[in-house]
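When we follow my numbering, the leftmost residue of the sequence shown carries the number 6, and every step to the right adds one.
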Amino acid sequence: MAYSAPLSSSTTLASSSSPFAMTNLVISNIANLIPIKLDSTNFLLWKSLFRPILHNHHLEHFIDGSQPVPPREIAAADGKLIPNRAFSAWFQCDQTLLS
Numbered sequence: 006m007a008y009s010a011p012l013s014s015s016t017t018l019a020s021s022s023s024p025f026a027m028t029n030l031v032i033s034n035i036a037n038l039i040p041i042k043l044d045s046t047n048f049l050l051w052k053s054l055f056r057p058i059l060h061n062h063h064l065e066h067f068i069d070g071s072q073p074v075p076p077r078e079i080a081a082a083d084g085k086l087i088p089n090r091a092f093s094a095w096f097q098c099d100q101t102l103l104s
């Protein structure tokens, strides 16, 4: 049986509102978890440190595309298109990972 480290309590607090909401808390601390900055000479080392963090915090879908991007807008009960909160949460996490 594989061991999976539990998510921190701060990570699980926001999980009820969106599948992407909890990732903001983790993403904001990723730079503190990796002791080196990526540059043109250390990609393999950086990747070996970064991938386990993504895996342990269930963030790989932002990198590998395994979870589709939520639609930007959804139809309301009256048929009008309204902003999709799931997309907004996904976009915020995606952009934070890029920074």
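We treat Cβ as the ideally placed atom computed from N, Cα and C, and that holds for glycine.
Keep in mind the model is a prediction, meaning the values are calculated, not measured.
Check	Outcome
Using the Cβ count rule (16 or more neighbours within 10 Å means buried), how would you classify H60?	exposed
Please report the distance separating the alpha-carbon of N37 from that of D83.	46 angstroms
Among the residues of its own chain, which have a CB less than 7 angstroms from the CB of P75, if the five just before and after it don't count?	N89, A91, F92, W95
I need the straight-line Cα distance from L64 to Q100, nearest angstrom please.	13 angstroms
What's the gap between the Cα of I41 and the Cα of F48?	10 angstroms
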